[in-house]
Amino acid sequence: METSKYDEARLHELLYQALETEAGGIKIYETAISCAKNSDLKEEWQGYLDETKTHHKTLLEVFEKPGPDSKARTPGRKVVAHIGDSLVKAMQMAREESDADAAQLVAANASCSPRPRIT
Ligand SMILES: [Fe+2]
């Protein structure tokens, strides 16, 4: 089956958003770990961070082949980045302006928060 240009553009957009999701996920889990009081949670989130780093590295390898530029900033990718940055900022705010229990709760919510893809 022949792949149309439309399909290729859509595939590239999905790759951009997937890469941004993993990059944002690294920041989210790093911040969540810094908010964790409970050692079991910290350990669980460290596992997710390790997985996310592996996913990010694997996606970057996809971009090493001819095709989309891993640094391209599409509108959909900007939205995904904004959502990830917002979750990180929410955790930082909770840590700075509230108590450790609240910060951990915000981190738990941020770590489980779905980050929708645009395409
Ligand atoms: Fe992932």
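All the letters of the sequence shown, read from the start, carry residue numbers 6 to 124 under our numbering.
Positions of the beta carbon are idealized from the N, C-alpha and C atoms, including for glycine.
For this session: Confirm, please, whether the CB-CB distance from residue 85 to residue 35 is below 8 Å.
Result: Contact flag unset, no.
For this session: Could you name the residues of the same chain whose beta carbon sits closer than 8 Å to that of residue 61, not counting the 5 residues immediately before and after it, in chain order?
Result: Within the same chain, residue 61 has close Cβ partners 24, 27, 28, 30 and 31.
For this session: With a cut-off of 8 Å on the beta carbons, I'd call residue 105 and residue 47 a contact; round off their distance for me.
Result: Contact flag wrong, Cβ pair sits at about 12 Å.
Exercise. When every heavy atom of ligand 1 is checked, does at least one fall within less than 7 Å of the C-beta of residue 17?
Worked result: When distances are taken from the beta-carbon of residue 17 to the heavy atoms of ligand 1, even the shortest one reaches 7 Å or more.
Exercise. Is DSSP giving residue 78 helix, strand or coil here?
Worked result: Three-state DSSP puts residue 78 in coil, outside helix and strand.
For this session: Consider the C-beta atom of residue 30 and the heavy atoms of ligand 1; say whether any pair is separated by less than 7 Å.
Result: For residue 30, the CB falls within less than 7 Å of some heavy atom of ligand 1.
Exercise. Excluding sequence positions up to five away, which residues of its chain have a Cβ less than 6 Å from the Cβ of residue 100?
Worked result: Within its own chain, the residues whose Cβ lies closer than 6 Å to the Cβ of residue 100, once the five positions on either side in sequence are excluded, are 40 and 108, listed in chain order.
For this session: Taking only heavy atoms of ligand 1 into account, decide whether any of them is closer than 7 Å to the Cβ of residue 56.
Result: Taking 7 Å as the cut-off, the C-beta of residue 56 counts as close to a heavy atom of ligand 1.
Exercise. Helix, strand or coil for residue 55 per DSSP?
Worked result: Residue 55: helix per DSSP, three-state reduction.
Exercise. Going along the chain, which residues of its own chain have a beta-carbon closer than 6 Å to the beta-carbon of residue 96, five neighbours each way excluded?
Worked result: Excluding sequence positions up to five before and after residue 96, its CB lies within less than 6 Å of the CB of 36, 40, 111, 112 and 115, all in the same chain and listed in chain order.
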